[in-house]
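Okay, structure first, notes after.
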Amino acid sequence: MTILDIRDLTIRTAGGRVLVDGLSLSLAPGQRLGLIGESGSGKSLTSLAVLGLLPEGMAASGSVELAGTQVVGASERRLAKVRGRDAAIVFQEPLTALDPLMRAGRQIAEPLRRRGLSGTELRRAVLAALERVLLPEPERIARAFPHEMSGGQRQRVALAMALACEPKLLIADEPTTALDVTVQAELLDLLDALVREREMAVLFVSHDLAVVAKVADRVLVLKDGRAVEEGDVRDIVTAPREPYTRALVASARQLESALDRRSGR
Ligand SMILES: Nc1ncnc2c1ncn2[C@@H]1O[C@H](COP(=O)(O)OP(=O)(O)OP(=O)(O)O)[C@@H](O)[C@H]1O
1 MTILDIRDLT IRTAGGRVLV DGLSLSLAPG QRLGLIGESG SGKSLTSLAV
51 LGLLPEGMAA SGSVELAGTQ VVGASERRLA KVRGRDAAIV FQEPLTALDP
101 LMRAGRQIAE PLRRRGLSGT ELRRAVLAAL ERVLLPEPER IARAFPHEMS
151 GGQRQRVALA MALACEPKLL IADEPTTALD VTVQAELLDL LDALVREREM
201 AVLFVSHDLA VVAKVADRVL VLKDGRAVEE GDVRDIVTAP REPYTRALVA
251 SARQLESALD RRSGR
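Just so we're aligned: the sequence shown equals residues 1 to 265 in full-length UniProt numbering.
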């Protein structure tokens, strides 16, 4: 069974410039795929295309099948059914997903309400969602506005929102890049535990191989909108075949050894 099956996905601007070129990938329940590549390689556009969220004027062709629904060319009505239930997304900047003028609790309640929860049941489900992402004082956080929380807390709230409807696929687009290193490590551990518990499939987008290696089992390397290499995360890290992947691995190693040297001082 596959949750996500992308065949020959091509994304073009209105002017005809090809930004993602003939990409294919698939994900089964519980599988975690890291999508890696430098800035501008097409990672974010690919993840947005999975939910039919491409920016105005951009067109996708090929096939994106999400839990049996063809996303390419689907109507907004159809896409609304798929979003949240079949796949949910967490962005690099939690404020992209959070409404600055709405308390956290109400934002988490929104997708749950659409699923038919109300009253006490809804309130309980909101607090449970906040507890699940290990936020201390869930009642206080539920009443807080986004600006009253730290970056790490905001990202946990965004994660709680994404997981509220128990999606089959979680798309995480650089979810920890904006956080400091300690908070980043905590969030990656949390993500790991939550998706493991639910056998959720994960598409993890990052430019950082070290981060991807913590979360993903497989890696697909994108360069200029094309897949240049795909494989088991260990194989890619220990024996990259393509020159571009070798360069990514080498720069990750350089960073690691530089940090080791610093901590050894
Ligand atoms: N709204 C847009 N209009 C025009 N071009 C865009 C738009 N969004 C992205 N692009 C272009 O599409 C290409 C791929 O962008 P994308 O955001 O998918 O890259 P990325 O690999 O996710 O990079 P980053 O890590 O910087 O987010 C880039 O050349 C980018 O300039």
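Note that CB positions come from ideal geometry on N, CA and C, so glycine has one too.
Model, not experiment: these values are computed from the prediction.
Item, Value
"In whole angstroms, give me the CA-to-CA distance for T176 and Q92.", "6 Å"
"Tell me, please, which residues DSSP counts as bridged to G231.", "V219"
"Classify D86: buried if its beta carbon has 16 or more other beta carbons within 10 angstroms, exposed otherwise.", "buried"
"Reducing DSSP to helix, strand and coil, say where L112 ends up.", "helix"
"Under 8 Å Cβ to Cβ from R154, same chain only, skipping five residues before and after it: list those, please.", "P94, L95, L98, P146"
"Can you tell me whether DSSP reads A74 as helix, strand or coil?", "coil"
"Can the beta-carbon of S41 be found less than 8 Å from the beta-carbon of D173?", "no"
"Quick one: give me the first and last residue of the beta strand (DSSP E) that R32 is part of.", "32–36"
"Inspect the beta-carbon positions of V233 and D208 and report whether they are closer than 8 Å.", "no"
"Would you tell me roughly how many angstroms separate the C-alpha atoms of V211 and L35, rounded to the nearest one?", "11 Å"
"To the nearest angstrom, how far is the alpha carbon of V228 from that of M58?", "23 Å"
"Would you say the beta carbon of H207 comes nearer than 7 Å to a heavy atom of ligand 1?", "yes"
"In chain order, what residues place their C-beta within less than 6 Å of a heavy atom belonging to ligand 1?", "T13, L19, G37, S39, G40, S41, G42, K43, S44, L45, P55, H207"
"Inspect the beta-carbon positions of L25 and I6 and report whether they are closer than 8 Å.", "yes"
"Assuming A80 contacts L112 (C-beta within less than 8 Å), just tell me the rounded distance between them.", "At roughly 15 Å, the Cβ-Cβ gap does not stay under 8 Å, so A80 and L112 are not in contact."
"Please identify the residue among P167, G152, L134 whose C-alpha is closest to the C-alpha of R115.", "P167"
"Can you name the residues that DSSP bridges to T69?", "L66"
"Is the stretch 218–227 touching the stretch 15–25, taking contact as three or more C-beta pairs under 8 Å?", "yes"
"Find the nearest neighbour of A213 within the set R32, E139, L122, P100, judged by alpha-carbon distance.", "R32"
"Return helix, strand or coil for I3, following the three-state DSSP convention.", "coil"
"Can you tell me whether T46 is buried or exposed? The criterion is at least 16 other CB atoms within 10 Å of its CB, across all chains shown.", "buried"
"Can you tell me whether Q70 is buried or exposed, with buried defined as 16 or more other CB within 10 angstroms of its CB?", "exposed"
"Out of curiosity, what's the CA-to-CA distance linking E76 and A162?", "19 Å"
"Is the Cβ of G15 closer than 8 Å to any Cβ of chain C?", "Annotation note: the requested chain C is absent from the structure, which comprises a single protein chain."
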